[in-house]
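The numbering of the sequence shown is the numbering used here, which starts it at 49 and goes up by one. Below is one structure; the comments refer to it alone.
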Amino acid sequence: MSRLLYVFLLLPCLAFAQAYPAKAVRMIVPFPPGGTTDLIARVVQPKFQENLGQTVVIDNRGGAGGSIGAAEAARAAPDGYTLLLVFDTHAVNHHLYKQAPDPFKTLEHIMLMVVSPSTLVAVNNFPPSSLREVVAHARANPGKVTYASTGHGSSNHLGALLLEQAAGIRMTHVPYKGGGPMVAALLGNQVDVAFISTPLILPHIQAGKVKAIAVGGRDRMAVLPKVPTASESYPGLEQVSWFGLLAPVGTPREILMKVHREMKRTLETPEIRKNLSDRGFEVIAGSPDEFAKFVRDESDKLGKLIRDHRIQVD
Numbered sequence: 049m050s051r052l053l054y055v056f057l058l059l060p061c062l063a064f065a066q067a068y069p070a071k072a073v074r075m076i077v078p079f080p081p082g083g084t085t086d087l088i089a090r091v092v093q094p095k096f097q098e099n100l101g102q103t104v105v106i107d108n109r110g111g112a113g114g115s116i117g118a119a120e121a122a123r124a125a126p127d128g129y130t131l132l133l134v135f136d137t138h139a140v141n142h143h144l145y146k147q148a149p150d151p152f153k154t155l156e157h158i159m160l161m162v163v164s165p166s167t168l169v170a171v172n173n174f175p176p177s178s179l180r181e182v183v184a185h186a187r188a189n190p191g192k193v194t195y196a197s198t199g200h201g202s203s204n205h206l207g208a209l210l211l212e213q214a215a216g217i218r219m220t221h222v223p224y225k226g227g228g229p230m231v232a233a234l235l236g237n238q239v240d241v242a243f244i245s246t247p248l249i250l251p252h253i254q255a256g257k258v259k260a261i262a263v264g265g266r267d268r269m270a271v272l273p274k275v276p277t278a279s280e281s282y283p284g285l286e287q288v289s290w291f292g293l294l295a296p297v298g299t300p301r302e303i304l305m306k307v308h309r310e311m312k313r314t315l316e317t318p319e320i321r322k323n324l325s326d327r328g329f330e331v332i333a334g335s336p337d338e339f340a341k342f343v344r345d346e347s348d349k350l351g352k353l354i355r356d357h358r359i360q361v362d
């Protein structure tokens, strides 16, 4: 193929990318309204659409741990008008749900947007108040310490399994159908502990309704400066929630990079960064390649955990 012919064939694609977006962009949030992923979408949406120069419509498509919304995004036309904002379940759903799309064959990874360490919390009438005390209590009472999650294979479930593995203990899993019921169970003293996304549980910690035992990041959090990290007691034990942006596979790279650029500008806007920071999020805004590698590493690590524990969905 001559260089002139190649350029001629490329011109329509370049023109299309330059014109993008010419209509409203749909951002699928694969969870119901009111959750943490939905919260992030609504924090960034006004500024993101301003930067993009076109309306961005949030479309909540919950079910199967985010798999249903992800599958819809994967089936959409690869033209930049469908985006997908995912939670950390994105890295494990294909190990658990038949309807979950292969994240590496059907979707383009645009950006790891923000992360937030999970926090291990306990109800106030649970005697232990430190991670070492929780482990000692669990050792003395095998299977009697209960922990909540939003379902088999959820980040709450896997976080507790990582703690069991690191500390050599056994607890009892109590799954709930969503973050709301899980938090309600904790506030009602129906379970003892849970690993929960910090932004979701932070108001209840600050109100004294539950007590923070440990945070799952590498460093202590500014919003919870007195709460130690889990790795201070068990080096390498981390549990971090993360959120990222994707598009259907085949979306032109020029469009992907435009979306990346405008979302990065959005996240680095001082008021957006402060809003997220005050809620316990850390802005990452990394590159597409970094995000894809991050998801691959998470999938490999947690996929092995799922297989080793023979985790099956409800």
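No residue lacks a Cβ here, since even glycine has one placed at the ideal position from N, Cα and C. Source: prediction; values computed, not measured.
Span of the beta strand (DSSP E) around residue i
i: Asp127; result: Note, Asp127: premise wrong, no beta strand (DSSP E); not H, not E.
i: Thr103; result: Per DSSP, Thr103 belongs to no beta strand (DSSP E) and is neither H nor E.
i: Glu26; result: Residue numbering for the chain in the displayed model covers 49 to 362; residue 26 lies beyond these limits and cannot be assessed.
i: Ala363; result: Outside the shown range of the chain (49 to 362) lies residue 363, about which nothing can therefore be said.
i: Met75; result: 73-77
i: Ala196; result: 194-197
Buried versus exposed call for residue i [16 or more other C-beta atoms within 10 Å across all chains shown]
i: Ser202; result: buried
i: Asn141; result: buried
i: Glu280; result: exposed
i: Lys95; result: buried
i: Phe135; result: buried
i: Gln147; result: exposed
i: Gln360; result: exposed
i: Ser245; result: buried
i: Glu316; result: exposed
i: Ser177; result: exposed
i: Pro190; result: exposed
i: Ala270; result: exposed
i: Gly82; result: exposed
i: Arg301; result: exposed
i: Phe339; result: buried
i: Gln254; result: exposed
i: Asp326; result: exposed
i: Glu310; result: buried
i: Pro247; result: buried
Own chain partners of residue i with C-beta closer than 8 Å, once the 5 adjacent residues on each side are dropped
i: Pro223; result: Ala196, Ser197, Thr198, Gly199, His200, Ser202, His205, Asp362
i: Pro69; result: Leu100, Gly101, Gln102, Gly128, Tyr129
i: Glu233; result: Here the sequence assigns Ala to residue 233, which means Glu is not the residue at that position. Contacts found: Ala196, Val222, Tyr224, Val239.
i: Lys312; result: Met159, Ala333
i: Asp150; result: His142
i: Thr299; result: Pro126, Asp127, Gly128, Glu156
i: Ala119; result: Gln147, Ala148, Pro149
Cβ-based neighbour list, residue i, same chain, cut-off 6 Å, excluding 5 preceding and 5 following
i: Gly117; result: Ile76, Pro78, Arg109
i: Gln287; result: Ser166, Gly207, Phe243, Gly264
i: Val449; result: Residue 449 is absent from the structure shown; the chain starts at 49 and stops at 362.
Nonlocal neighbours in the same chain, by C-beta distance under 7 Å from residue i, ignoring five residues either side
i: Ile217; result: Val183, Ala186, Arg187
i: Asn173; result: Asn237
i: His357; result: Leu209
i: Ala215; result: Val183, Tyr282
i: Leu308; result: The sequence shown places His at residue 308, rather than the Leu named in the question. Closer than 7 Å at Cβ, skipping near neighbours: Ile158, Met159, Pro336.
i: Gly351; result: Val140, His143
i: Ile320; result: Val91, Val92, Lys95, Thr314
Enclosing alpha helix (DSSP H) for residue i [first to last residue]
i: Ser347; result: 336-356
i: Arg180; result: 179-188
i: Ala278; result: 278-281
Is there contact between the region 103-114 and the region 249-261, where contact requires at least three CB pairs shorter than 8 Å?
Flag = no, the region 103-114 and the region 249-261 do not touch.
Would you call the region 127-143 in contact with the region 72-88, where contact means no fewer than 3 C-beta pairs closer than 8 Å?
Under the Cβ criterion (8 Å, minimum of three pairs), the region 127-143 counts as touching the region 72-88.
Give the list of continuous alpha helix (DSSP H) stretches no shorter than 4 residues that lie fully inside the region 286-324.
The region 286-324 contains these whole alpha helix (DSSP H) runs: 301-315.
If contact is defined by three or more beta carbon pairs under 8 Å, each pair taking one atom from either stretch, is the region 293-304 in contact with the region 223-238?
No, they do not touch.
Where are the alpha helix (DSSP H) runs, 4 residues long or more, that stay fully inside the region 113-150, in chain order?
The region 113-150 contains these whole alpha helix (DSSP H) runs: 115-123, 141-144.
Identify every run of the alpha helix (DSSP H) within the region 224-269, keeping only runs that are complete inside it and at least 4 residues long; order them along the chain.
227-235, 246-254, all fully within the region 224-269.
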